[in-house]
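As structure tokens, the structure follows; a few thoughts come after it.
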Amino acid sequence: MALKYLNIPEQDAIRVDMDAIQRQVVAILQAVNVPERHAQITAEILTAASLRGVDTHGVGNVTGYVQAIEEGRYTIPQSVDVVAESATTALLDCGNGLGFVAAHRAMELAIAKAKQQGVGMATVRNGHHIGMVGYYPLMAVAQDMIGMAVTNASRSMRPLHGAHPRLGTNPIAFGAPAGKERPFLLDMATTTVASGKLGLARRLGVSIPEGWAVDSEGIPLTEPPAQRSEAWAQTPLGNTLEQGGHKGYGLAVMVDILAGVLSGGGFSAQLAGGENMTWTMAIDIAAFRPVAEFKAMMDEMIQALHATPPEPGAERVLVAGDPEFDTEAERRERGIPLHATQYDAIIATARRVGAPVMI
Ligand SMILES: NC(=O)c1ccc[n+]([C@@H]2O[C@H](COP(=O)([O-])OP(=O)(O)OC[C@H]3O[C@@H](n4cnc5c(N)ncnc54)[C@H](O)[C@@H]3O)[C@@H](O)[C@H]2O)c1
Numbered sequence: 221m222a223l224k225y226l227n228i229p230e231q232d233a234i235r236v237d238m239d240a241i242q243r244q245v246v247a248i249l250q251a252v253n254v255p256e257r258h259a260q261i262t263a264e265i266l267t268a269a270s271l272r273g274v275d276t277h278g279v280g281n282v283t284g285y286v287q288a289i290e291e292g293r294y295t296i297p298q299s300v301d302v303v304a305e306s307a308t309t310a311l312l313d314c315g316n317g318l319g320f321v322a323a324h325r326a327m328e329l330a331i332a333k334a335k336q337q338g339v340g341m342a343t344v345r346n347g348h349h350i351g352m353v354g355y356y357p358l359m360a361v362a363q364d365m366i367g368m369a370v371t372n373a374s375r376s377m378r379p380l381h382g383a384h385p386r387l388g389t390n391p392i393a394f395g396a397p398a399g400k401e402r403p404f405l406l407d408m409a410t411t412t413v414a415s416g417k418l419g420l421a422r423r424l425g426v427s428i429p430e431g432w433a434v435d436s437e438g439i440p441l442t443e444p445p446a447q448r449s450e451a452w453a454q455t456p457l458g459n460t461l462e463q464g465g466h467k468g469y470g471l472a473v474m475v476d477i478l479a480g481v482l483s484g485g486g487f488s489a490q491l492a493g494g495e496n497m498t499w500t501m502a503i504d505i506a507a508f509r510p511v512a513e514f515k516a517m518m519d520e521m522i523q524a525l526h527a528t529p530p531e532p533g534a535e536r537v538l539v540a541g542d543p544e545f546d547t548e549a550e551r552r553e554r555g556i557p558l559h560a561t562q563y564d565a566i567i568a569t570a571r572r573v574g575a576p577v578m579i
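Numbering (the numbering used here), first residue to last: 221 to 579.
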């Protein structure tokens, strides 16, 4: 099973121009009173996810954020405040607004501190969904730094051997620049799959492989459940003890500590739904060794991994980031495919909030 097998089928997809959809998202958000700069940051990160093939975290989600704003679950306009700060650290409050805005600010601060001190870290509390977590490390990579970000989420994953969900999908993203090669970017939920893939399976009307989710007796589910409940749970990465599920479970708790406990925003089991507490870090490579030497060794490492002979039946060996960089290259040319229902929903939302239709 290819991890990406849940892509939108080409025949159900409507291709939209990347700049047009980004402008559309900005216009929709501005129509519900999001300040222009905040709308631009959010649209940029959603478009980056769509470009990279992370469709579960892409532009289609704008309709959900608008609903959250309209229902008063988000405070708009928000103010992102620095609650505590040192030369290398910062704690931010997202102001109960768009998570993207505060996570972006956190990484900006981490990078600025790393430029001065070699390393910088920032956590965010009182935050909401930050989308594709890999976006934030790439901000550091663009500055010749190593970047890392983790975020926690409300309960959907069971602890190993647990009957009920107590952890979120708690993703980890880590990026490092290379020279001639593309950057390394590991961006992964600590569940077997991100929960958006269950949602996508529901939307496409397809079953899910055994191991993605289990009921409270531990029996594998093959129909993607409709709603979160105590009756079923996503599995930690690895699923069973034999397959390393204890490690996925441990990584999810590590994320909860860095993002939820260190920020004070709350750990997964304390969150109601839709929140993301976030931790970001930037490491200035130049504080350790000349950047060119680091990048040359990264190239050597990536080339050595790519040169691994593939097992029978496999095409080639990849490194993390390869599938998404390939998709980005293709979508920059051909446009972003939206599922027809998502396309219609974006246009309907634009009309309802009084934004011009631009796609
Ligand atoms: N904000 C949130 O609350 C939240 C929660 C969970 C996940 N997410 C996001 O969901 C997205 C999807 O997460 P996921 O866990 O389903 O990702 P995934 O399983 O699609 O990919 C995980 C990682 O594996 C790499 N990869 C894929 N195939 C590979 C191969 N053959 N060889 C080597 N590396 C390979 C990818 O480049 C990626 O870095 C991520 O962007 C994540 O940040 C967000």
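Virtual Cβ for every residue (Gly too), placed ideally from N, Cα, C.
By a C-beta neighbour count over all protein chains shown, 10 Å radius and 16 as the cutoff for buried, is residue i buried or exposed?
i: Ser449; result: exposed
i: Arg571; result: exposed
i: Ser483; result: buried
i: Phe514; result: buried
i: Ala208; result: Look at the range of the chain in this structure, 221 to 579, and you will see that residue 208 is not part of it.
i: Ala417; result: For clarity, residue 417 is Lys in the given sequence; the question names Ala instead. Burial call: buried.
i: Met578; result: buried
i: Arg325; result: buried
i: Gln562; result: buried
i: Asn253; result: exposed
If you compare alpha carbons, which of the options is closest to residue i?
i: Thr455; options: Val481, Asp504, Met377, Ala527; result: Met377
i: Gly414; options: Ile428, Asp504, Gln298, Glu230; result: The identity of residue 414 in the sequence shown is Ala, whereas the question assumes Gly. Comparing Cα positions, the closest option is Ile428.
i: Asp609; options: Ala233, Asp364, His258; result: Because the chain is modelled from 221 through 579, residue 609 falls outside the range shown and cannot be assessed.
i: Arg293; options: Thr371, Arg257, Gly347, Ala259; result: Gly347
i: Val303; options: Ile296, Asp313, Thr295; result: Asp313
i: Gln490; options: Val537, Leu405, Arg345, Arg554; result: Arg345
i: Val539; options: Glu548, Arg402, Val511, Pro444; result: Arg402
i: Asp476; options: Gly388, Thr460, Gln562; result: Gly388
Just to confirm, does residue i get its C-beta within under 8 angstroms of one of the non-hydrogen atoms of ligand 1?
i: Lys417; result: yes
i: Leu406; result: yes
i: Glu544; result: yes
i: Asn346; result: no
i: Ala393; result: yes
i: Ala421; result: no
i: Thr389; result: yes
i: His324; result: no
i: Val413; result: yes
Measuring only between beta-carbons, confirm whether residue i sits less than 9 angstroms from chain D.
i: Pro444; result: Among the chains in the structure shown there is no chain D, since it carries only a single protein chain.
Pull up the DSSP beta-bridge partners for residue i, would you.
i: Phe394; result: Met368, Leu406
i: Val344; result: Leu312, Thr498
i: Ile228; result: Note: Ile228 sits in no beta bridge, so no partner.
i: Ile503; result: Val339, Ile366
Can you name the start and end residues of the alpha helix (DSSP H) that residue i belongs to?
i: Leu525; result: 511 to 526
i: Ala479; result: Unbroken run through Ala479: none, as it is neither H nor E.
With hydrogens ignored, establish whether the beta-carbon of residue i is closer than 8 angstroms to any heavy atom of ligand 3.
i: Leu538; result: Ligand 3 is absent from the structure shown, which contains only ligand 1.
Go to residue i, then tell me how far its beta strand (DSSP E) extends in each direction, as first and last residue.
i: Arg235; result: 233 to 236
i: Asp435; result: 433 to 435
i: Ala304; result: 301 to 305
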